[in-house]
Amino acid sequence: MKKVKILRAVLIILIVLWTCLIFLFSSQDGGESSGFSRMVVEFFVKDPEMVDFLEPYARKIAHFSEYGLGGVLFVSLFSTYNWSDKRKMLTSILLGVWYAIMDEIHQLMVPGRNGAFKDVYIDSLGIATGVVGMMIILKIFEMRKNKKQYLWKE
């Protein structure tokens, strides 16, 4: 039981850090945010025209990925409780979508930024992908654990 409490505490800390990181990214003004995305693309691509083309996609991939991580963290935390799979998934997705909406509202108050419904949609897809992906991984581990227990009984 002590290990579970420690794991829960670690996951809660990671979730808080995840929300703070997203908040910090969203607090950047339009120029800072775009400049960071551009710098990442320029690390991989040297052609300026291609950088201009790829930079908006890199921003959307970043949205999707950071919220995918949130989905993994939420499901991991809720898996430490005796909840049904449906409850774990639904709670994780609802919390992730709620945070995506709050993030876009926050961006409405940042100079040079705007809140966009399409970003909530992309973030929600990221959350759902992280949730489903983590649920699959947890099921695989559960099946392997049960198989080992079954093998020991023979």
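The sequence shown begins at 835 in the working numbering and counts up by one.
Using N, Cα and C, we set each Cβ at its ideal position, and we do this for glycine too.
When you compare only the Cα positions, how much space is there between residue 959 and residue 979? 30 Å
For residue 953, count neighbouring Cβ atoms within 10 angstroms of its own Cβ and tell me buried if that reaches 16, exposed if not. buried
In terms of residues, what are the limits of the alpha helix (DSSP H) holding residue 901? 882-912
Would DSSP call residue 946 helix, strand or coil? coil
Integer Cβ distance of residue 891 from residue 934, believed to fall under 8 Å: Residue 891 to residue 934, Cβ: 19 Å. No contact.
Answer yes if the region 903-918 comes into contact with the region 964-981, meaning at least three C-beta pairs across the two stretches below 8 Å, and no otherwise. yes
At what residues does the alpha helix (DSSP H) containing residue 917 begin and finish? Counting along the chain, residue 917 falls outside any alpha helix (DSSP H), and DSSP gives it neither H nor E.
Proximity of residue 865 and residue 949 at Cβ, strictly below 9 Å: no
Residue 893 classed as buried or exposed, judged by whether at least 16 other C-beta atoms fall within 10 angstroms: buried
Give the straight-line distance between the Cα atoms of residue 963 and residue 905, rounded to the nearest whole angstrom. 7 Å
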